[in-house]
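Asks: Quick one: the structure is below, and I'll ask about it shortly.
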Amino acid sequence: MNLLSRRVFIGASSAAGTAAALHSAATPEPGEGSDDPLEQYQEDSGTGEAAGSITIAGIHLPSSLDPGMVVDTESERIIRQIFEPLVGIDQETGSVAPLLAEDWEVSQDELTYTFILREGVVFHDGTELTAEVVAANFERWGQLDYLYGYGNISRATPLAFPSVFGGFMGAEECVLEAVEAEDEQTVVLTLSEPVHYLLQALTLPAFGIASAEVLVDSDPGLITRRPIGTGPYRLAEPTEEDNSTATRLQAFGEYWDAHEGPAEVVVRALPRTFDRLRELQRGEVDVYDFITADNLRTLVQSGRLILQRDPFSVLYMGFNLNHPVMSDFTIRQAAARAINRTQLVEDYFLDGSRPAYQFTPAALGVHSDTALQYGYSLTMAQELLEDSDYDGEPLDFYYPISSTRSYLPRPEAVFAAIAADLTAAGFVIRPRPVRWEDGYVDQLMADSNRAMHLLGRNGGFRSPHTFFSPLFGQPSQEFHFRDPEVMELLDEARAEPDQKTRTELYQQVADLVQDQLPALPLAYPISGMALGARVADYPMSPVLNERFAEIRLTES
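When you number the sequence shown by the UniProt record's numbering, it's gap-free, plus one each residue, and the end is 556.
Set out below in C-alpha cells:
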C-alpha cells in the first residue's frame, strides 16, 4: 500500500509573545465595530453539521500563523485547519487531490500550470475566493524576504517558497516567472524551468491561501494576528480556561465542503510527554500526540487505541563548519564513527524506527549504494581524533529540552546517549540545553561558538527535494555549508523529467553530502498518537496532512 496512506493500528490487546499574538488574533481591538469584516468571521458561530468538542495534546503554541513563514510542525498543524492550498492530498492514495482548485492543466513543456478555482468558496471574513486573491498570495510569498526585512529570513530555517522555486521572486535563481489571474476563476503559473514536484509541493501548508484583507505589505504580521483563510476551522476567541496555553478552533459554518468533524477543537501546549500522558489518562485531553517508547506500555495496558505514522522524517546531528574545531573533516568523521545509532534507536525510539545513514527515508527510493555510511566504531573514532589537531577543548552542543518533536521523542535522553558516545571517543562536550519555546532554533543558529546540535526534518511531500533542498540546497546558518555542485545537481533534478535520471542525480547529492559530512543522519523515527474514548478515528499522515474536519467522534 502507498506509504502516504498506510495506517497502523495497535489494539488494546497488544503488548508568552506568541500567546499574546494569538489572543490578539481572536479579540477585537478597542474601538472596532461589529461591521468590520475582519471581526464578522468570528461572530458567526454556525457550525453546519459539525458537533462536539475535543482537545488535542500538542507540544507548543504556534510560532506564527503566517503560512509562508512557518517551518515547524506545531504551527503547521493549526495552519492546515485555517488555510487551504490550491491542491490537497488524498488520504487513501497519497496522491495530489483537488482542494481550492477543482481542476488543473499542465502544459506539455511543464512550464505553465493552469488552475481552475472551485466556485462558491468564501473566506472566514465573507469575501470570495478569486484568482486575483490567489495571485496576490503567490506574489506575497515571493517577496517575504523584503516584507520581513532582508537578512532576517536568511538567518532562519529556509522557507517553503525559495526551497520549492529556487529563490524569492525577482532573484535570478527563482524559476517562477509570473502568476496571473486569467479570469475570475483561473490562475496561471509560468515557470522558466520545469519543477517536477510542483503539484506535490503546493500541498504544503506554507501555500495556504489567505484573504486579501490581511495581505498588507506595510503590516506583514497582520496575517498572524488575524488569520483568515477558507479552511473548515477558524481561530476562536480564547477562554479563561485556555490560560494562554491553548489554541481554540471553531468549525466554519460557511465552509464550502460539508464535514462531520468536531464543532470545536482545542490544541493544548503540553511540551512534556509525561504531561500529555497524564492528561489523556485523566480524560482532560482526547488525543495524545507524539507518544514515546517509555509510555507505550502504559497506553496499551489502559486499552488505548494507538495510531502510527509511517516514517517520513530524519533526526540528525549537525556540525558548524565555521567552528575552528568542527571545520576539520577528520574530527567530523571521528564524531560520526563515535555514535552508536543502532543502540540509540533501540533504546529511545518506537518500534519500527530505523537507524539513518542518509538524509532521505528509504521509501523515496534514492538511497545511494556508494555513499559513505560512517558505521559505529569506537576504536576508529578514537584513532581519528588522536590523529587530528583536537586538544580537548570543550565543544558546545545544543539540544532542545522539555519538548517532544516528531523526529526527537526524548531529547534529553537522546542527547545524553550521544554525549556519552562522543565522550568515550575523547570529545569534551559542553551541553547547551534550550527550551524549544524559548527559540531553540534561533539561538543555536545565532551562536558562532556552537560546535554541534540536534535537529531534524519532517518530509512535507513525497520527493527527495523536501529533505535535500532546505538542508543543503541553499545557504543557511545551520551548517555554514555551501557546495555549488550540490546546488547544481538539485537544480538539475528539479527540472529532470526522467525518473531514473532524476534518481541518479539525487544519489549523487547523497554521495557529496556524505563525503563532506556537514551533518550526520541518526534515525528515521516512527511517531504515533493515542486516542481517548471519545475519538473513533483520526486522519493520520506521514507528512502530517491531518485535517481536523476528518476526525470522527464516537457515538454518544
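Every residue gets a Cβ at the ideal spot worked out from N, C-alpha and C, and that includes glycine.
Please read all numbers here as calculations on a predicted model, not as lab measurements.
1) Where I116 and T186 are concerned, what is the direct C-alpha to C-alpha distance, given to the nearest angstrom?
2) From the DSSP output, which residues share a beta bridge with W104?
3) What three-state label does DSSP hand H367 in the structure shown?
4) Given a cut-off of 8 Å on the beta-carbon distance, is the pair Y399 and F415 in contact?
5) Going along the chain, which unbroken runs of the alpha helix (DSSP H) with 4 or more residues stay wholly within the stretch 453-478?
6) Using DSSP with H/G/I as helix, E/B as strand and the rest coil, what is G528?
7) Indicate whether the contact test is met: 3 or more Cβ pairs, each with one atom in the stretch 255-262 and one in the stretch 156-165, closer than 8 Å.
8) In whole angstroms, what separates the C-alpha of T292 from that of L350?
9) Put Q91 into one of helix, strand or coil per three-state DSSP.
10) Is the separation between the beta-carbon of F165 and that of L176 shorter than 8 Å?
11) Looking at the secondary structure, which residues open and close the beta strand (DSSP E) in which E180 lies?
12) So, using beta-carbon positions, are L65 and I54 closer together than 8 Å?
13) Exposed or buried, Y197, counting other C-beta atoms within 10 Å across all chains shown (16 or more means buried)?
14) State the DSSP-derived secondary structure class of Q308, mapped to helix, strand or coil.
15) May I have the straight-line CA-CA distance separating Y538 from D396, to the nearest angstrom?
16) Determine, using beta-carbon pairs with one atom in the stretch 336-351 and one in the stretch 499-508, whether at least three such pairs fall under 8 Å.
17) Whole angstroms are fine: how far does the CA of R304 sit from the CA of T298?
18) Rounded to the nearest angstrom, what separates Q474 and G142 at their Cα positions?
19) Just tell me which of R282, T245 and L249 has its CA closest to the CA of L270.
20) Could you name the residues of the same chain whose beta carbon sits closer than 6 Å to that of A446, not counting the 5 residues immediately before and after it, in chain order?
21) State the Cα-Cα distance for the pair E546 and A263, rounded to the nearest angstrom.
22) Could you tell me which residues DSSP pairs with M317 in its beta bridges?
23) Report the CB separation of S402 from S527 in whole angstroms; it is logged as a contact under 8 Å.
24) E213: buried (16+ other C-beta within 10 angstroms of its C-beta) or exposed?
25) Would you mind sorting P484 into buried or exposed? The rule is 16 or more other CB atoms within 10 Å of its CB.
26) Just checking my contact of F161 with G68 at CB under 8 Å: how many whole Å lie between their CB atoms?
27) Could you tell me which residues DSSP puts in a beta bridge with A97?
28) Considering only residues of the stretch 199-234, which uninterrupted alpha helix (DSSP H) runs meet the minimum length of 4 residues and lie entirely inside it, listed in chain order?
29) Can you give me the Cβ contacts of residue 577 inside the same chain, cut-off strictly under 7 Å, excluding the 5 residues immediately before and after it?
30) Determine, using beta carbons only, whether S192 and D125 come nearer to each other than 8 Å.
31) When you compare only the Cα positions, how much space is there between Q514 and L307?
32) Name the residue from Q200, E76, I228 and T423 whose alpha carbon lies nearest to the alpha carbon of N137.
33) Can the beta-carbon of L86 be found less than 8 Å from the beta-carbon of A97?
34) Tell me the rounded alpha-carbon separation between E346 and L204.
35) In whole angstroms, what separates the C-alpha of F548 from that of G208?
36) For the 8 Å Cβ check, are there 3 or more pairs between the stretch 514-524 and the stretch 265-285?
Replies: According to the structure data:
1) By 1-based counting over the sequence shown, the position of residue 116 is 116. By 1-based counting over the sequence shown, the position of residue 186 is 186. When rounded, the distance between both Cα atoms is 5 Å.
2) Position 104 of the sequence shown, counted from the first residue, corresponds to residue 104. DSSP, once it has assigned bridges, lists F115 as partnering W104.
3) On the sequence shown, position 367 is the one that residue 367 refers to. Coil at H367, not helix or strand.
4) Counted from its first residue, the sequence shown places residue 399 at position 399. Counted from its first residue, the sequence shown places residue 415 at position 415. Yes, they are a contact pair.
5) 465-472
6) Mapped onto the sequence shown, residue 528 falls at position 528. Strand, per DSSP.
7) no
8) In the sequence shown, residue 292 corresponds to position 292, counting from 1. In the sequence shown, residue 350 corresponds to position 350, counting from 1. Their backbone Cα atoms lie some 7 Å apart in a straight line.
9) As a position in the sequence shown, residue 91 is number 91, starting the count at 1. It is coil, neither helix nor strand.
10) By one-based count along the sequence shown, residue 165 stands at place 165. By one-based count along the sequence shown, residue 176 stands at place 176. Contact: yes.
11) Taking the sequence shown and counting its residues from 1, one reaches residue 180 at position 180. Element bounds for E180: L176 to D183.
12) Sequence index remark: in the sequence shown, residue 65 carries index 65 (1-based). Sequence index remark: in the sequence shown, residue 54 carries index 54 (1-based). No, they are not a contact pair.
13) Your numbering for residue 197 matches position 197 in the sequence shown. Buried: at least 16 other Cβ atoms inside 10 Å.
14) In the sequence shown, counting from the first residue as 1, residue 308 sits at position 308. Strand.
15) Indexing the sequence shown from 1 puts residue 538 at position 538. Indexing the sequence shown from 1 puts residue 396 at position 396. Each residue's alpha carbon lies about 41 Å from the other.
16) The stretch 336-351 vs the stretch 499-508: no contact.
17) For the purposes of this step, residue 298 is taken as the residue at position 298 of the sequence shown. For the purposes of this step, residue 304 is taken as the residue at position 304 of the sequence shown. Near 9 Å, if we compare the C-alpha coordinates of R304 and T298.
18) Taking the first residue of the sequence shown as 1, we reach residue 474 at position 474. Taking the first residue of the sequence shown as 1, we reach residue 142 at position 142. In a straight line, the C-alpha of Q474 is about 16 Å away from that of G142.
19) Within the sequence shown, the letter at position 270 stands for residue 270. Cα-wise, what sits closest to L270 is T245.
20) For the purposes of this step, residue 446 is taken as residue 446 along the sequence shown, with counting starting at 1. None.
21) Counting from one through the sequence shown, the residue named residue 546 turns up at place 546. Counting from one through the sequence shown, the residue named residue 263 turns up at place 263. Going by the C-alpha atoms only, they are around 16 Å apart.
22) Position 317 of the sequence shown, counted from the start, is the residue given in the question as residue 317. Per DSSP, L454 and L520.
23) Looking up residue 402 in the sequence shown gives position 402. Looking up residue 527 in the sequence shown gives position 527. Wrong, their Cβ atoms sit about 18 Å apart, outside the cutoff.
24) For the purposes of this step, residue 213 is taken as the residue at position 213 of the sequence shown. Of the other Cβ atoms in all chains shown, 16 or more fall within 10 Å of the Cβ of E213; this residue is therefore buried.
25) The residue you call residue 484 lines up with position 484 of the sequence shown. Exposed, since its Cβ has fewer than 16 Cβ neighbours within 10 Å.
26) Here residue 161 corresponds to residue number 161 of the sequence shown, with the count starting at 1. Here residue 68 corresponds to residue number 68 of the sequence shown, with the count starting at 1. Their Cβ separation, rounded to whole angstroms, is 6 Å, which keeps F161 and G68 in contact under 8 Å.
27) Translated into the one-based positions of the sequence shown, residue 97 becomes position 97. Among the bridge pairs identified by DSSP, A97 is matched with G88.
28) 222-225
29) Since the first residue of the chain shown is 1 and the last is 556, residue 577 is not available in this structure.
30) Your numbering for residue 192 matches position 192 in the sequence shown. Your numbering for residue 125 matches position 125 in the sequence shown. For S192 and D125, no; Cβs fall outside 8 Å.
31) Position 514 of the sequence shown holds residue 514. Position 307 of the sequence shown holds residue 307. Their Cα atoms are separated by approximately 34 Å.
32) Here residue 137 corresponds to residue number 137 of the sequence shown, with the count starting at 1. Measuring from the Cα of N137, the nearest candidate turns out to be I228.
33) To locate residue 86, count along the sequence shown from 1; it is residue 86. To locate residue 97, count along the sequence shown from 1; it is residue 97. Going by C-beta atoms, L86 is not nearer than 8 Å to A97.
34) One-based indexing of the sequence shown puts residue 346 at position 346. One-based indexing of the sequence shown puts residue 204 at position 204. Going from the Cα of E346 to the Cα of L204 covers about 32 Å.
35) Taking the first residue of the sequence shown as position 1, residue 548 is located at position 548. Taking the first residue of the sequence shown as position 1, residue 208 is located at position 208. For F548 and G208, the distance between alpha carbons rounds to 16 Å.
36) no
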